[in-house]
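Chemist: As numbered in my numbering, residues 167 to 518 make up the sequence shown, in order. All C-beta atoms, glycine included, are put in the ideal place defined by N, C-alpha and C. No experiment lies behind these values; they were computed from the predicted model shown.
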Amino acid sequence: MVVTAAKADYSNSVVSLNPVAYWPLNETIQPPPAYVATNSGTLGSSGNGYYETWYAPTNNGFNAAMSWQGPMPGVTGDGDTAANFSGDANQYIQIPHTSTNTIVKAPFTVECWTYATNATDWVNLVGDGGQYQQPNNASGSYAGFYLDHYGGSWLFGLYNTNGTGHSAEVNVGGVAVNQWTHLVATYDGTNANLYVNGTLAGTAITSTNALGLGYVPDAVNPIIIGTLGRPHWVNAYNGLIDEIAIYTNVLTADVVYSHYSTVSGTGYASMVLTSSPSIYLRLGEPAYTLPSSNSFSSFPKAHSYGSIGDAAVGLYQPGTLPGVSGPSGSGFGDANYAVAINGQNAGVDVGN
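(1) By Cβ distance below 7 Å, which residues in the same chain neighbour residue 367 in space, the five residues on each side in sequence not counted?
(2) Let me check one thing: in DSSP terms, what residues is residue 480 bridge-paired to?
(3) Pick out whichever of 181, 217, 324 and 452 has its Cα sitting closest to the Cα of residue 275.
(4) Please report how far the alpha carbon of residue 405 lies from the alpha carbon of residue 197, in whole angstroms.
(5) Could you tell me which of 294, 183 and 328 sits nearest to residue 314, measuring between CA atoms?
(6) Are three or more beta carbon pairs between the region 276-292 and the region 339-347 nearer than 8 Å?
(7) For residue 357, which option in 454, 407, 472 and 417 has the closest C-alpha, if you only look at C-alpha atoms?
(8) Look at residue 446 and residue 207 and say whether their C-beta atoms are less than 8 Å apart.
(9) Between residue 182 and residue 265, what straight-line distance do the alpha-carbon atoms span, to the nearest angstrom?
(10) Taking residue 454 as part of the alpha helix (DSSP H), name the residues at either end of that continuous run.
(11) Once the 5 residues before and after residue 516 are set aside, which same chain residues still bring their CB inside 7 Å of it?
(12) Rounded to whole angstroms, how far is the Cβ of residue 403 from the Cβ of residue 290, which I believe are closer than 8 Å?
(13) Between residue 188 and residue 470, is the Cβ-Cβ spacing less than 8 Å?
(14) Measure the C-alpha to C-alpha separation of residue 475 and residue 489 and round it to an integer number of angstroms.
(15) Would you tell me roughly how many angstroms separate the C-alpha atoms of residue 312 and residue 322, rounded to the nearest one?
(16) Is it buried or exposed, residue 199, if we count other Cβ atoms within 10 angstroms and call 16 or more buried?
(17) Within 10 angstroms of the Cβ of residue 288, are there 16 or more other Cβ atoms? Answer buried if so, exposed if not.
(18) By the three-class DSSP mapping on this structure, what secondary structure does residue 372 have?
(19) Determine the contact status of residue 413 and residue 441, defining contact as a CB-CB distance below 8 Å.
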């Protein structure tokens, strides 16, 4: 292979080949920001979640494929709010594995507060992989975990890629509606425990696969809050979720109870942070504001220089970051930029 240096007229050389469309992606104007669920845990911004705010191309415009209702009063005594889910499949929060540190490995603890409005539906609160097939896995083996409720029971389950069945599931009856419930799920490598309102309510021991593993983390699919997850986007939650925390260790029973018993005070967040969660989403973000009366005119354009001209102009979506440094080389000129993309629901959308 012969490698040649970039020419000073790189873009002119591309255009001379008569492409139908050519996007240098050299713009620097920023689109409206993504709707971010800020992580207060030890992973910082690499553990941020993204409220689903995808914009679907419709004819030559865009419609928001989301319907967030805005925050609601939360469970804590400090006035922080909670995320409001209304059973819409487009209402969910996802945490991408842009860092391997967000992969939920054993041992771990998952904690959240939930205000359910339906006790019988099968809905997902927090999960990572779990009940859907991993990409590129033709055998149908499942990985990850899930924290759900179904048929009046709270469920905490684990997968170990030994087919589609779980390796352990803790099933605890008594889902109460229209009131806050504290859930803590722990796994130490063998034992799966589920605490409800500060008390150990159920436990199970994982069965092992051929490699002796009782649990295999999902390293591909994002952590999903409020729906079953990719690729199905079904079993959407209806109610409130608050104070989600994920830890890289197993919380003791005393710590679990202390979190539950002090929630009405003003020091709940400080107590959680003392336990060093890697991810801690308080879900107190303000309501999302749609751009420009839903006209999307505020989205900056990605200009195309191909033969079809403006018909190929794209729009930078929320979650993209134009203006970062592009590839180096004299052929790109002194001001060469690229676009960073959040790995979730962002992109440069050409629509029709």
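Modeler: Looking at the coordinates:
(1) Taken in chain order, the residues that qualify are 338, 360 and 361.
(2) According to DSSP, residue 480 bridges with 468.
(3) Minimum Cα distance to residue 275 is reached at 324.
(4) Each residue's Cα considered, the two are about 31 Å apart.
(5) Selected option, being the one with the closest Cα: 294.
(6) Yes, since at least three Cβ pairs between the region 276-292 and the region 339-347 fall closer than 8 Å, the two stretches touch.
(7) Comparing Cα-Cα distances from residue 357 to each of 454, 407, 472 and 417, the minimum goes to 417.
(8) The answer is yes: Cβ separation under 8 Å.
(9) Computed Cα separation, rounded: 40 Å.
(10) Unbroken run through residue 454: none, as it is neither H nor E.
(11) The beta carbon of residue 516 lies closer than 7 Å to those of 478 and 480 in the same chain, with the five residues before and after it left out.
(12) For residue 403 against residue 290, the beta-carbon gap comes to about 7 Å, under 8 Å, which counts as contact.
(13) Residue 470 sits close to residue 188, with the two beta carbons spaced by under 8 Å.
(14) Whole-angstrom Cα-Cα distance: 22 Å.
(15) A direct Cα-Cα distance of roughly 6 Å separates residue 312 from residue 322.
(16) Under this definition residue 199 is an exposed residue.
(17) For residue 288, the number of other beta carbons within 10 angstroms of its own is below 16, and it is reported as exposed.
(18) Of the three classes helix, strand and coil, the one that applies to residue 372 here is coil, per DSSP.
(19) Taking 8 Å as the Cβ cut-off, residue 413 and residue 441 qualify as a contacting pair.
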